[in-house]
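Accompanying notes for the structure given below.
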Amino acid sequence: MKPWLIFGAGHGVGAHLLALANQHADNASPPRSVTLLIRNPQQAEALRSQGLTVVCGDACDPASVLEACQLAGPEAAIISTLGSRSADYQGNRLIIDTAEKLGIKRMLLVTSIGCGDSWPTLSPAARAAFGQAVREKSLAESWLQTSGLTYTLIRPGGLLDQPATGNATCLQTEAHGLVTRADVALHLSQMIEDSATYHQIYALVEPGLIRKLKIN
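Residue numbering for the sequence shown follows the working numbering, beginning at -2 and increasing consecutively.
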């Protein structure tokens, strides 16, 4: 059972993945080892108080990333769900380079539909709205693919903060649609030690899923 090193566990898909790790820890003996890099000091301390190994720092800071990778150890699987202008490429590139130097072999990277060879599937409106982020994430994908790491790339569709349905589908063809962050985390947890996903790229959507409107 590989240790997990999660970048981006402070919110979104990463937070859902951490919740899955905690659920597993409640039912497993020995519990899974989980290391986190968290930027917010209060959040880092709260997670540390739960018995987790937490480095308080930024994914674009070499010292912070080095410490997190060293604490996780060479057998760890890195899961990056980072999503910010600075981290989309620069942060993920730093993680990849550091992992290679320390002999960490496994990494899963969450990007988005439209990255890499799926760029032509984006509409002009989508390119105008978030094309820069997609291009930065595409650079990170390329950096990982040309590294020595055993990678899996996950490109989710539009992300929703709705409960998991368990109906999200991994595709290796053109894909459009929505998916819940919780379902992305669920698929990630299943892929980490699945050798069939090594050096593969997946789009992840749930056909027919719609955004639920909040009614006050």
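The beta carbon of each residue, even a glycine, is placed where N, CA and C say it ideally should be.
query = Relative to the alpha-carbon of Asn89, which residue among Gly9, Pro121, Ala56 and Arg103 has its alpha-carbon at the smallest distance?
reply = On the sequence shown, position 92 is the one that residue 89 refers to. Out of Gly9, Pro121, Ala56 and Arg103, Ala56 has the C-alpha closest to the C-alpha of Asn89.
inquiry  = Is the beta carbon of Ala165 closer than 8 angstroms to that of Leu106?
reply    = Numbered from 1 along the sequence shown, position 109 holds the residue referred to as residue 106. Numbered from 1 along the sequence shown, position 168 holds the residue referred to as residue 165. Not a contact, by the Cβ cut-off of 8 angstroms.
query = Three or more C-beta pairs closer than 8 angstroms, one from the region 157 to 175 and one from the region 123 to 136: is that the case here?
reply = Too few Cβ pairs lie closer than 8 angstroms, so no.
query = Which value, in whole angstroms, describes the spacing of the CA atoms of Glu190 and Leu156?
reply = Against the sequence shown, residue 190 aligns to sequence position 193. Against the sequence shown, residue 156 aligns to sequence position 159. Each residue's alpha carbon lies about 24 angstroms from the other.
message = Which residue wins for smallest C-alpha separation from Arg178, given the options Ser192, Arg152, Ser115 and Ala96?
response = Indexing the sequence shown from 1 puts residue 178 at position 181. Measuring from the Cα of Arg178, the nearest candidate turns out to be Arg152.
inquiry  = Beta-carbon within less than 7 angstroms of Ile92's beta-carbon, same chain only, minus the 5 sequence neighbours each way: which residues are those?
reply    = Counting from 1 along the sequence shown, the entry for residue 92 is found at position 95. Correct list, in chain order: Phe4, Ala56, Val62, Ile75 and Ser77.
inquiry  = Does Ile198 pass the burial test, meaning 16 or more other C-beta atoms within 10 Å, or should it be called exposed?
reply    = For this step, residue 198 is matched to residue 201 along the sequence shown. So Ile198 counts as buried.
request  = Report the residue from Val181, Leu15, Ala43 and Ser83 whose alpha carbon sits nearest the alpha carbon of Ala214.
outcome  = Residue 214 falls outside the range modelled here, since the chain spans only -2 to 213, and no answer is possible.
key: Cβ-based neighbour list, His13, same chain, cut-off 7 angstroms, excluding 5 preceding and 5 following   = Position 16 of the sequence shown holds residue 13. Arg178, Ala179 and Ala182.
query = Got a sec? Which residues, its chain only, sit under 6 angstroms from Gln40 by beta carbon, not counting five neighbours each side?
reply = In the sequence shown, residue 40 corresponds to position 43, counting from 1. Cβ within range, chain order: Gly7.
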